[in-house]
Amino acid sequence: MKYRKFGKLDWEVSVLGFGVMRLPQNSEDMGDVDEEESIRMIRYAIDQGVNYLDSGYLYHMGKSEPIIARALENGYREKVRIATKLPVRMVESADKFDDYLNEQMDRLKTKNLDFYLLHGLNGESWPTVRDWGILDWANEKLAEGKFSHFGFSFHDEYDVFKDIIDSYDNWTLCQIQYNYMDKDYQAGRRGVEYAAEKGLAIVVMEPLRGGSLTQEAPESVTKIWNEAPVKRTPAEWGLMWVWNQPEISVALSGMSTMEQVVENTEIANRAEPGLLIPEEIDIIDRVSEAYRSLRPIPCTGCAYCMPCPNGVEIPHIFQIYNDAIMYNNERMGRFRYQMTDILKEEQRGDKCIECGQCLEACPQSIEIPEWLKKAHEELIQPQ
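For the sequence shown, our numbering assigns the number 2 to the initial residue and increments by one for each residue that follows.
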């Protein structure tokens, strides 16, 4: 296992972290986790050198944290550091901060958390918890030893990301979505560089885009991969692209099978910054463009169509639909479309009233109402 410096801390993290959010399940119910197999997988990863586990209050309907507690019995707790997250969108008032933290420490059977993060900050949730005094609260808990380090995970645009970082001097880490398809998405490469300049540890989530980059690739993509001077699996290409960048501390993988754990820990043994040669980086860039050429809706995300007078999240819906088609992963598309934390019911495509305002604004001349109708029909089906 390879290790890297974790921001300003005098500690090295394994390049591969275990994201405890896609554990094996006995059924389609997210809370119906195969606990024994999950524990076996987590312990195997730790035995291979993984020393960073990432969880959250909501993961697996609240089952993730207790499973971690069980997995870390018999001496495993001393081998790892745990990160979990305050579900900021669920918090109703500042006096609830302690309730969630205490519940999570009980679930994890610990009196001290290594890393505590604000979950999924964006331009809506960040001002709310900030104005409720979350930063003063964090300073109190740090002083009390409730958690050792404070950070945040993020889903929004770069300017919001920069504002969050600049608002507090005691951030230890930030967690962002980052992969070769999302290098200019949300915080993106600019966010990586800015956070690194500020000394934050950078934790990457979705390095394989929720597994989409490991699906059987379309012919146009496979043809490009076959031109590479070194043959790698899709998972290895995706992880190596992230690890090629020295600013990245750790890439999280939400592994669902023992086979994935074995493959990813083996790949992590070869992870070095600067490992990819220019020809290989060009291959990855071409693969990215090949995927993008498969988008059925030519939406660039410019958002000229927004705001929709009826509240429909047009660019977001188009992105979810395009991703489902591009990566041949309609199940993930339906999951994202129907997750109210991602897209509220009143923002879905069926709320379009066909007023035509977006048609006048769209520089790509997209038939927006028709595509909204088609996307909703396909994405609202059972997962």
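Ideal placement from N, C-alpha and C gives every residue a C-beta, glycine not left out. Just so we're clear, the structure is a prediction, and the values are computed from it rather than from any experiment.
Do residue j and residue i come within 8 angstroms of each other at the CB atom, strictly closer than that value?
i: residue 360; j: residue 322; result: no
i: residue 204; j: residue 174; result: yes
i: residue 23; j: residue 256; result: yes
i: residue 146; j: residue 113; result: yes
i: residue 250; j: residue 20; result: no
i: residue 317; j: residue 344; result: yes
i: residue 115; j: residue 149; result: yes
i: residue 222; j: residue 291; result: yes
i: residue 152; j: residue 138; result: no
i: residue 180; j: residue 243; result: yes
i: residue 18; j: residue 236; result: no
i: residue 10; j: residue 144; result: no
i: residue 295; j: residue 219; result: yes
i: residue 45; j: residue 262; result: yes
i: residue 14; j: residue 7; result: yes
i: residue 86; j: residue 136; result: no
Name, in chain order, the residues that DSSP records as bridge partners for residue i.
i: residue 206; result: 178
i: residue 252; result: 17, 205
i: residue 117; result: 85, 151
i: residue 26; result: 34
i: residue 172; result: 151
i: residue 360; result: Answer is none; residue 360 lacks a bridge partner.
i: residue 122; result: 155
Secondary structure at residue i, three-state DSSP: helix, strand or coil?
i: residue 83; result: strand
i: residue 51; result: coil
i: residue 240; result: helix
i: residue 5; result: strand
i: residue 136; result: helix
i: residue 380; result: helix
i: residue 283; result: helix
i: residue 105; result: helix
i: residue 288; result: helix
i: residue 365; result: coil
i: residue 63; result: helix
i: residue 265; result: helix
i: residue 348; result: helix
i: residue 313; result: coil
i: residue 189; result: helix
i: residue 12; result: coil
i: residue 327; result: helix
i: residue 402; result: The structure shown has nothing for residue 402, since the chain only spans 2 to 384.
i: residue 43; result: helix
i: residue 230; result: coil
i: residue 373; result: helix
i: residue 92; result: coil
Could you name the residues of the same chain whose beta carbon sits closer than 6 angstroms to that of residue i, not counting the 5 residues immediately before and after it, in chain order?
i: residue 319; result: 298, 300
i: residue 247; result: 274
i: residue 326; result: 297
i: residue 38; result: 25
i: residue 55; result: 18, 20, 84, 253
Quick one: residues in its chain with C-beta nearer than 7 angstroms to the C-beta of residue i, no 5 flanking neighbours on either side, listed in chain order?
i: residue 185; result: none
i: residue 229; result: 281, 284
i: residue 385; result: A question about residue 385 goes unanswered here, because the residues of the chain that appear run from 2 up to 384.
i: residue 354; result: 311
i: residue 225; result: 284, 287, 288, 291
i: residue 188; result: 155, 159, 162, 177
i: residue 199; result: 166
Any C-beta of chain D sitting closer than 8 angstroms to the C-beta of residue i?
i: residue 84; result: Note that chain D does not occur in the displayed structure, where there is just one protein chain.
By Cβ distance below 8 angstroms, which residues in the same chain neighbour residue i in space, the five residues on each side in sequence not counted?
i: residue 328; result: 210, 213, 214, 216, 292
Checklist entry - Is it a yes or a no for the segment 282-289 touching the segment 70-79, going by three-plus beta-carbon pairs under 8 angstroms? => result no
Next on the checklist: Using 8 angstroms as the cut-off, can you tell me whether the segment 267-281 makes contact with the segment 207-216, which would need three or more C-beta pairs spanning the two stretches below that distance?
Outcome noted: no
Item to check | Cβ contact check for the segment 28-45 and the segment 94-111: 3 or more pairs under 8 angstroms | outcome: no
Checklist entry - Touch check for the segment 84-94 and the segment 123-131: three-plus C-beta pairs under 8 angstroms? => result yes
Next on the checklist: For the pair the segment 162-174 and the segment 195-202, tell me if three or more CB-CB distances fall below 8 angstroms.
Outcome noted: yes
Item to check | Cβ contact check for the segment 300-313 and the segment 360-380: 3 or more pairs under 8 angstroms | outcome: yes
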